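Position one of the sequence shown corresponds to residue 9 (our numbering), numbered consecutively onward.
Before any comments, here is the structure.
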Amino acid sequence: GTVGRGGNPALYRAIQAHPPNTINGRFRVTEQGEMIRQNFGSLEIAERSVDIYTAALLRESFTKHVEPKQAWRDEMERVAEVSCAAYRKTVREDPRFVPYFRQATPELELGKMLIGSRPAKRNPKGGVESLRAIPWTFAWAQTRMHLSAWLGVGDGLKGNDEEEKAVLREMYEEWPWFREIISLISMLISKTDFSITKNYDDLLVDPSLMSLGEEVRQKLVETRQAVIDVSGATEISGPHIQLMRASSTIRNPYVDSINLVQAEILKVLRSMPEDDSPELSPEMKEIKNLREDALKLSIKGIAQGMRNSG
């Protein structure tokens, strides 16, 4: 499923990259909701998915796994600590973040549209911390920022000195588990789009919050470079590059257009009176309903285009 929620759409490699002694011929997996139809939506696709599971498990039982060195474990502790601190500094400690998030993404609209099997929030009056994982990740995927998957990663991967940087490169080259994580982050970063996210900001975000959007995009640039430095790659997509190029060539012209339309719809809907307002006439209510239907279609179209979105 979605990388931002701990999933891995690259199923075969994910199983192969598991740490030693964690499978042993038995494997239990949770398919995130959006992946069920994608992986089991037809008999042919379901058969192919089971084939991948079976082949990966059989191959894994004959694979000699890499035991992580203590230096790698220590470096992962540092990366996790630094990344988590950077993530929280933006999401929980910056007072601009919550209003920016709610203006720059369709998060509030997702909660009203009853998309999904559960409420968008555990606590209807809570902030970002009360959001369920799906709308949190889904909202950022809609604007092509995918922030929940990469924020903080760049800070952790920078390394404080040349020795730490050398350890990170060694981990990437010799530790399949770490290499797969970096590859997944590379794939998500390659799906981000600066011009699309900036268009949402330009149309929807209060000028007093625009600076945060610029800061977040700058963090994305730094994260992109940190990932390239660790992997030694010349393209951010990493091993996904050929697939991403083919996919992007086909999808992006359509998804880009939907993103532009969605941002305009959100701007217009947010300028209209609330449903219980006396200013909302029957004619205006009908127009509003049509625009909300159009917004739902745009959400579905972008989700399908992004493939691993929520």
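Note that beta-carbon positions come from the ideal geometry of N, C-alpha and C, so glycine has one too.
A quick note: this is a predicted structure, and the numbers were derived from the prediction, not measured.
Item, Value
"N-terminal and C-terminal residue of the alpha helix (DSSP H) that L19 is part of", "19 to 24"
"Run of the alpha helix (DSSP H) containing M195, from where it starts to where it stops", "184 to 198"
"Cβ of L51 within 9 Å of any chain C Cβ", "Within the model displayed, chain C is absent; a lone protein chain is all it includes."
"In chain order, each alpha helix (DSSP H) run of at least 4 residues that lies wholly inside the stretch 16 to 89", "19 to 24, 41 to 48, 51 to 69"
"DSSP three-state assignment for L159, whether helix, strand or coil", "coil"
"CA nearest to the CA of E89, picked from N29, T98, D163", "D163"
"Status (buried if at least 16 other CB within 10 Å, exposed otherwise) for G9", "Here the model assigns G9 a pLDDT of 46, short of 50, so the residue's position is not dependable, and the following value carries that caveat. Result: buried."
"Coil, strand or helix - A241 by DSSP", "coil"
"Per-residue DSSP class, three states only, for E287", "coil"
"Alpha carbon of S306 to alpha carbon of T113, nearest angstrom", "13 Å"
"Cut-off 7 Å between Cβ atoms - residues of its own chain near M218, not counting five sequence neighbours on either side", "D209"
"Residue of S191, L277, D284, L288 minimising C-alpha distance to E243", "S191"
"Limits of the alpha helix (DSSP H) - the one that N207 falls within", "202 to 212"
"Cβ neighbour criterion (16 or more within 10 Å) applied to P261", "exposed"
"Nearest candidate by alpha-carbon position, reference H73, set N29, R152, L176", "N29"
"Where G12 falls, given that 16 or more other Cβ within 10 Å makes a residue buried", "Residue placement at G12 is poorly supported in this model, since its pLDDT is 48, which falls under 50; the coordinates are not used for a value here."
"Exposed unless 16 or more other CB atoms sit within 10 angstroms - verdict on I193", "buried"
"Which of helix, strand or coil DSSP assigns to E222", "helix"
"Nonlocal neighbours in the same chain, by C-beta distance under 7 Å from N267, ignoring five residues either side", "R152, I204, I310"
"Collapsed DSSP secondary structure at E101 in the structure displayed", "coil"
"CB of L196 within 9 Å of CB of H154, strictly", "yes"
"Proximity below 9 Å, CB of T145 to CB of V224", "no"
"Segment contact flag, the stretch 180 to 189 with the stretch 20 to 39, C-beta cutoff 8 Å, min 3 pairs", "yes"
"7 Å Cβ shell around V235 - same chain, five flanking residues per side excluded", "L165, I190, I193, S194, I197, I244"
"Pair within 9 Å by beta-carbon distance, V213 and G221", "yes"
"Buried or exposed (CB count within 10 angstroms, at least 16 for buried), E68", "buried"
"Closest residue to G147 among Q270, E294, P286 (Cα-Cα distance)", "It is worth fixing the name first, because residue 147 is Ala in this sequence and not Gly. For the residues Q270, E294, P286, the minimum Cα distance to A147 belongs to Q270."
"Cβ shell of Q111 (< 7 Å), same chain only, five flanking positions each side left out", "L212, V213, D214, L217"
"Rounded Cβ spacing between P281 and L288 (contact assumed at less than 8 Å)", "4 Å"
"Beta-carbon separation (whole angstroms), V161 vs T231, contact threshold 8 Å", "5 Å"
"Given V263 as reference, the closest of I31, V175, Q312, Y20 once Cα atoms are compared", "Q312"
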